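Numbering (this note's numbering), first residue to last: 193 to 322.
For glycine and all other residues, C-beta sits at the position ideal for the given N, C-alpha and C.
Treat the numbers as computed from the prediction; the structure is a model and nothing was measured.
Step one of this worksheet: look at the structure below.
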Amino acid sequence: MTLPRYGVHDDIEDVVTALTTTGAVVIENLLPEKIVSGLITDLRPQFDREGHLYQNGFNGHQTLRVGGVTKYSAYFADFLLNPTVLAVADAVLKPYCDVYQVGSTTAIEILPGEGAQVLHADDTCYPSHL
C-alpha cells in the first residue's frame, strides 16, 4: 500500500480526508530540521540503552523502540503543538469529544536490513474503536 503524501502547507481538509479514508498519511517536512535534530540527539541515549528490549518477530530484530519519549526531550512539545498536527487532530477527533489526549509516545528507529512491517492499527492498546 502506498500512503498519501502531503506537504506541511497542503490543505488540511485534503489531509484529513485522506487520513480518514486510508487510515494513515505522510506529511513531509512537518518539523524544522532543528527540532528533528534535537529529537534525534535527545533520544539517542535511550535508543542505545533500551531500544533493543522490544525486538521480536513482529517488531523486528533490526528495530529499536523507546516508549514515553516525552520525558526524554523538550522538543517533543514542538511536535505535539505543531499547528498542522493540532489542526488534523482537531478535525479528526473533535467531532467525537470535547478533549483528547495522546495515548502513546513511542519512537522507532528502523536499522538497515530490517524488513517492512505489515501496516496495522495499534488497536490492542485501546479498549474501544471510534
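Subject >> Under the three-state DSSP convention, the category residue 294 falls into >> reply: Within the sequence shown, the letter at position 102 stands for residue 294. In the three-state reduction of the DSSP assignment, residue 294 falls in the coil class, being assigned neither a helical nor a strand state.
Original post:
Taking the alpha helix (DSSP H) that residue 214 falls in, what are its first and last residues?
Top reply: By 1-based counting over the sequence shown, the position of residue 214 is 22. First-last of the alpha helix (DSSP H) with residue 214: 204-214.
Subject >> Same chain only: Cβ atoms within 8 Å of residue 277, ignoring 5 sequence neighbours per side >> reply: Taking the sequence shown and counting its residues from 1, one reaches residue 277 at position 85. Cβ within range, chain order: 222, 271.
**OP:** Taking only the alpha-carbon atoms, compute the straight-line gap between residue 266 and residue 240 and give it to the nearest angstrom.
**Re:** Position 74 of the sequence shown, counted from the first residue, corresponds to residue 266. Position 48 of the sequence shown, counted from the first residue, corresponds to residue 240. One C-alpha to the other measures close to 19 Å.
Original post:
Ends of the alpha helix (DSSP H) at residue 255?
Top reply: Numbered from its first residue, the sequence shown carries residue 255 at position 63. Per DSSP, residue 255 belongs to no alpha helix (DSSP H); it is in the beta strand (DSSP E), 255-259.
**OP:** Could you check the C-alpha separation between residue 193 and residue 308 for me, to the nearest Å?
**Re:** Position 1 of the sequence shown holds residue 193. Position 116 of the sequence shown holds residue 308. C-alpha separation (whole angstroms): 12 Å.
Subject >> Beta-bridge partners of residue 197, as assigned by DSSP >> reply: Position 5 of the sequence shown, counting from 1, holds the residue named residue 197. Note: residue 197 sits in a beta bridge opposite 218.
Original post:
Using the C-alpha atoms, what's the distance from residue 212 back to residue 284?
Top reply: The residue given as residue 284 occupies position 92 in the sequence shown. The residue given as residue 212 occupies position 20 in the sequence shown. Cα to Cα, the separation comes out at about 8 Å.
Original post:
Where does residue 299 sit, in a helix, a strand or coil, going by DSSP?
Top reply: The residue you call residue 299 lines up with position 107 of the sequence shown. Judged by DSSP in its simplified three-state form, residue 299 adopts strand.
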